[in-house]
Amino acid sequence: MKVNRLTVRVVLGIVILVAAFAILIVAEVAEAQRRQAPDLPARSPAASSETRGDVPVAQAQRRPAPPPVPAEAAPRETVQADVSSRSVAVTSSFTGTQIVVFGAVDHSRQATAESGLYDVVIVLEGTPTRLVARRKSNVAGIWINTQSITFESVPSYYAILSTRPLEEVTNPLVLRENDIGFEHVRMTPVQGWETGVTTAELQEFAEAVVRLKQKEGLYVQEQYGVVFIGRTLFRASVDLPANVPVGPLDVRVYLFRDGQILSTYTARVRLEREGIELLLHSFAFSQPLLYGIFTVFIAVGAGLIASAVFRRGAH
Amino acid sequence: MNLYLPIAEMPVNIYVFLGMGGAVGFLSGLFGVGGGFLMTPLLIFSGIPAAVAVGTEAAQIVASSVSGAIAQWRRNNVDIKMGTVLLTGGLCGAVVGVEVVKLLRQMGQFEFFVSIAYVTFLGVIGALMLIESANAIRKTRQGKPVSVRRPGQHLWVHKMPLKMRFHRSKLYISAIPPFAIGALVGLMGAIMGVGGGFILVPAMIDLLRVPTNVVVGTSLFQIVFVTAFTTVLHATQNQTVDVVLAMILMIGGVIGAQFGAAAGQKLKGEQLRFLLAGLVLLVCVRIAWGLVATPGDAYSISDVVGGH
């Protein structure tokens with residue numbers, strides 16, 4: 001009787017383990033296959049960047065035309081760009097990824113890559129999220145959070161890459177107008193701001209958010225990150241860290257000459273959970289009760305297997 | 001090898017966390033304690049968000065106590081009636097505790113509260129255990145027999161209404177004290193990510209006068225059910241249970257515990273208690289240091305809780 005029960009438990013444990021491994025392996029294989037397969041049309045947001053293609057045209061038309069440099073009326077320069085991978089899978093083995101942004105200047109007038117007639121600024125911006133910034137103060141010898149401000153729509157990720165330092169590219173007014181640079185990251189306080197927080201304190205909180213995001217590697221700036229390869233071609237690469245928040249990244253490419261924006265282009269990188277990562281995350285958030293019971297079940301199973309294995313080893 | 005955790009949303013080195021689970025498992029096997037009071041602070045120190053550490057640790061405690069509970073059950077060392085009263089209290093405590101966690105997270109004071117709770121409990125228990133075991137060691141060195149406290153006098157807890165007869169424990173006492181003790185342990189477990197054996201066992205011995213042979217079994221009985229319930233509550237109320245992290249810790253923990261238990265048989269009881277007291281105080285001091293030391297950055301940022 002006792003042996004019987006033990007056998008049943010061991011068999012049950014092995015079945016659970018095998019099932020868990022099978023699920024893991026199937027998920028991994030499916031994931032690997034998907035990654036190997038060429039970008040499926042349904043998955044790659046080619047359509048989205050095409051529809052976005054007409055945005056820069058509209059923007060370019062809105063801006064005052066730059067003064068014609070040579071006497072002849074040459075066609076105006078425009079910029080086109082794309083990213084190396086439009087969708088990035090966040091799987092259980094995700095350790096960050098590199099994204100290459102490349103593009104070309106149409107009707108380029110510069111003689112060589114080194115002539116430096118144009119400046120390119122690339123901004124990668126993550127989804128706007130709410131976050132709370134808190135400040136600790138020393139109360140009776142103990143450090144405790146005393147003040148907090150909630151900010152609405154802070155980009156979860158923000159990278160600026162440029163051919164030169166931003167202050168050399170253009171003036172602060174243009175930078176602010178286009179939300180380029182850490183000082184111009186959109187940050188709207190929603191709570192606590194009305195109740196006795198001075199403007200100076202608000203400024204300190206906003207600076208702290210940028211500083212902490214930089215520390216986490218989520219706000220990055222590379223002053224010489226964009227390189228011209230030829231008369232028209234440029235490229236830049238950015239390393240997305242493993243802790244990059246999941247969600248779409250908007251890529252904005254600005255073409256500058258003499259401090260004026262000639263043309264812009266936007267693209268998008270999608271960061272999506274996939275495989276077992278997606279499975280577990282959506283399970284935990286859509287079926288929390290079942291997920292909790294599932295976790296307890298695994299825990300009980302692990303405990304039983306351990307005791308069965310140990311007892312068998314002891315005898 | 002790195003693994004991206006689905007709930008903590010960060011990559012972790014799987015070997016580091018297996019090792020952590022193994023080391024804590026070894027110590028818990030050695031000392032015969034659950035190990036939650038070591039594991040939760042370790043997880044927080046290694047960058048896991050405090051709330052995820054607490055929620056996930058509840059699941060790991062289920063795994064580490066279930067086999068012990070079954071073994072005790074087989075040996076008829078569980079006072080089911082007493083266990084049920086403790087358990088009822090524990091479930092109530094857990095419900096309140098998980099709500100407190102939710103509230104504190106919204107206020108941004110959860111980390112602070114957890115630290116304070118740890119410093120208080122570990123400080124008091126570590127100090128008491130250190131004094132007691134040091135005395136015991138000194139007495140054995142002097143050749144005196146270690147006096148076993150076995151008082152028969154009635155305490156204030158025995159004068160309360162709602163008396164019940166607990167046959168297995170040979171007690172006729174009010175149901176209120178065990179219920180209250182169970183509730184306190186459930187509350188603490190939900191907030192601190194511990195099983196609460198280090199409170200439950202001394203409370204049952206010293207306050208309720210439960211015979212020592214049923215104390216461990218009955219407390220394990222309560223801990224398994226309360227932590228299982230707490231896990232489900234954390235999953236539904238706070239979404240802070242990371243099943244992948246829990247599995248890594250469980251694997252390391254159950255293996256480490258076996259070696260720890262074997263090593264524990266080579267040491268004397270009072271020596272073990274002395275070492276454990278030192279360990280408890282060390283963890284206490286480390287957490288206290290985090291509260292009083294000037295932080296590198298007075299500012300911190302976090303996601304808004306409850307505003308999904």
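For the record, the sequence lines run as chains R and Y. Heads up: the first sequence at position 140 corresponds to 140 in the working numbering, and the numbers run straight through without jumps. Heads up: the second sequence at position 268 corresponds to 268 in the working numbering, and the numbers run straight through without jumps. For every residue, glycine included, the Cβ atom is placed at its ideal position computed from N, Cα and C.
Using only CA atoms, which one of Y:A277, Y:N238, Y:G269, Y:I251 lies nearest to A53 of chain Y? Y:N238
Would DSSP call I142 of chain R helix, strand or coil? strand
Between which residues of its own chain and L335 of chain Y is the CB-CB distance below 7 angstroms, once the five residues before and five after are set aside? In the structure as shown, chain Y starts at 1 and stops at 308, and residue 335 of chain Y therefore has no counterpart that could be examined.
I'd like the list of long-range same chain contacts for Y157 of chain R, defined as Cβ closer than 6 angstroms, with 5 residues on each side in sequence excluded. G126, L218, V244
Under a three-way DSSP split, which group does Y224 of chain R fall into? coil
Exposed or buried, which one is P165 of chain R when buried takes at least 16 other CB atoms within 10 Å? exposed
Give the DSSP-derived three-state secondary structure of L282 of chain Y in the structure shown. helix
Use the C-beta contact count for N319 of chain R: other C-beta atoms within 10 angstroms, 16 or more gives buried, fewer gives exposed. As shown, chain R starts at 1 and ends at 315. That puts residue 319 of chain R outside it, with no answer to give.
What are the residues of the region 101–120 of chain Y that lie near chain R, defined by any Cβ-Cβ distance shorter than 7 angstroms? G108, Q109, F112
Under a Cβ-count criterion, where at least 16 other Cβ atoms within 10 Å of its own Cβ denotes burial, should I229 of chain R be classed as buried or exposed? exposed
Looking at the C-beta of V139 of chain R, does it have a partner C-beta in chain Y at a distance below 8 angstroms? no
Alpha-carbon to alpha-carbon, V185 of chain Y and F328 of chain Y: The structure shown does not extend to residue 328 of chain Y, since chain Y spans only 1 to 308, so no value can be given for it.
Could you please give me the residues that DSSP links to F102 of chain R through a beta bridge? R:D82, R:R235
Ranges of the alpha helix (DSSP H) found wholly within the region 175–250 of chain Y, counting only runs of at least 4: 176–192, 197–206, 212–233
Check A257 of chain Y in the structure and name its three-state DSSP category. helix
Within the continuous beta strand (DSSP E) that includes K165 of chain Y, where are the two ends? It is worth fixing the name first, because residue 165 of chain Y is Arg in this sequence and not Lys. That run of the beta strand (DSSP E) goes 163–166.
Nonlocal neighbours in the same chain, by C-beta distance under 7 angstroms from V244 of chain Y, ignoring five residues either side: L3, L5, P6
Are at least three pairs of beta-carbons, each pair with one atom in the region 216–236 of chain Y and one in the region 196–206 of chain Y, less than 8 angstroms apart? yes
What's the C-alpha gap between R74 of chain Y and S67 of chain Y? 11 angstroms
Closer than 8 angstroms by beta-carbon distance: list the chain Y residues that pair up with Y224 of chain R, in chain order. Chain Y residues near Y224 of chain R: none, gap ~28 angstroms exceeds 8 angstroms.
Mind reading off the beta-carbon distance from E222 of chain R to L161 of chain R? Whole number of angstroms is fine, and I expect it under 8 angstroms. 5 angstroms
Rounded to whole angstroms, what is the Cα-Cα separation between S92 of chain R and W289 of chain Y? 35 angstroms
Terminal residues of the continuous alpha helix (DSSP H) containing H120 of chain Y? Here residue 120 of chain Y is Thr; the residue named in the question, His, does not match the sequence. Residues 110–141.
Name, please, each residue of chain C whose Cβ falls closer than 8 angstroms to the Cβ of S46 of chain Y. Of the chains in the structure shown, none is chain C; the protein chains are R and Y.
With 16 as the cutoff for other CB atoms within 10 Å, does D297 of chain Y come out buried or exposed? exposed
Alpha carbons only, please: which of R:G301, R:S307, R:G303, R:H281 is nearest the one belonging to V90 of chain R? R:H281
Go to T127 of chain R, then tell me how far its alpha helix (DSSP H) extends in each direction, as first and last residue. T127 of chain R -> no alpha helix (DSSP H), and no H or E assigned at all.
Member of Y:L162, Y:F31, Y:V224 whose CA lies at the smallest distance from the CA of K266 of chain Y: Y:F31
Can you give me the start and stop residues for the alpha helix (DSSP H) that S65 of chain Y sits inside? 50–74
G296 of chain Y by DSSP, collapsed to three states: which one? coil
Cβ of Y299 of chain Y less than 8 angstroms from any chain R Cβ? yes
How long is the line joining the alpha carbons of L126 of chain Y and S286 of chain R, rounded to whole angstroms? Just to set this straight, residue 126 of chain Y is Gly in the shown sequence, not Leu. Cα to Cα, the separation comes out at about 42 angstroms.
Is L202 of chain R close to chain Y, meaning its C-beta is less than 8 angstroms from at least one C-beta of that chain? no
Use the C-beta contact count for T112 of chain R: other C-beta atoms within 10 angstroms, 16 or more gives buried, fewer gives exposed. exposed
Determine the burial state of E50 of chain R: buried for a count of at least 16 other Cβ atoms within 10 Å of its Cβ, exposed for fewer. Only weak support is given to the placement of E50 of chain R: the predicted model assigns it a pLDDT of 37, under 50, and the question is left unresolved by the model.
Can you tell me the Cβ-Cβ gap for I301 of chain Y and V105 of chain R, rounded? I've got them flagged as a contact below 8 angstroms. No, I301 of chain Y and V105 of chain R are not in contact; Cβ-Cβ is about 38 angstroms, not under 8 angstroms.
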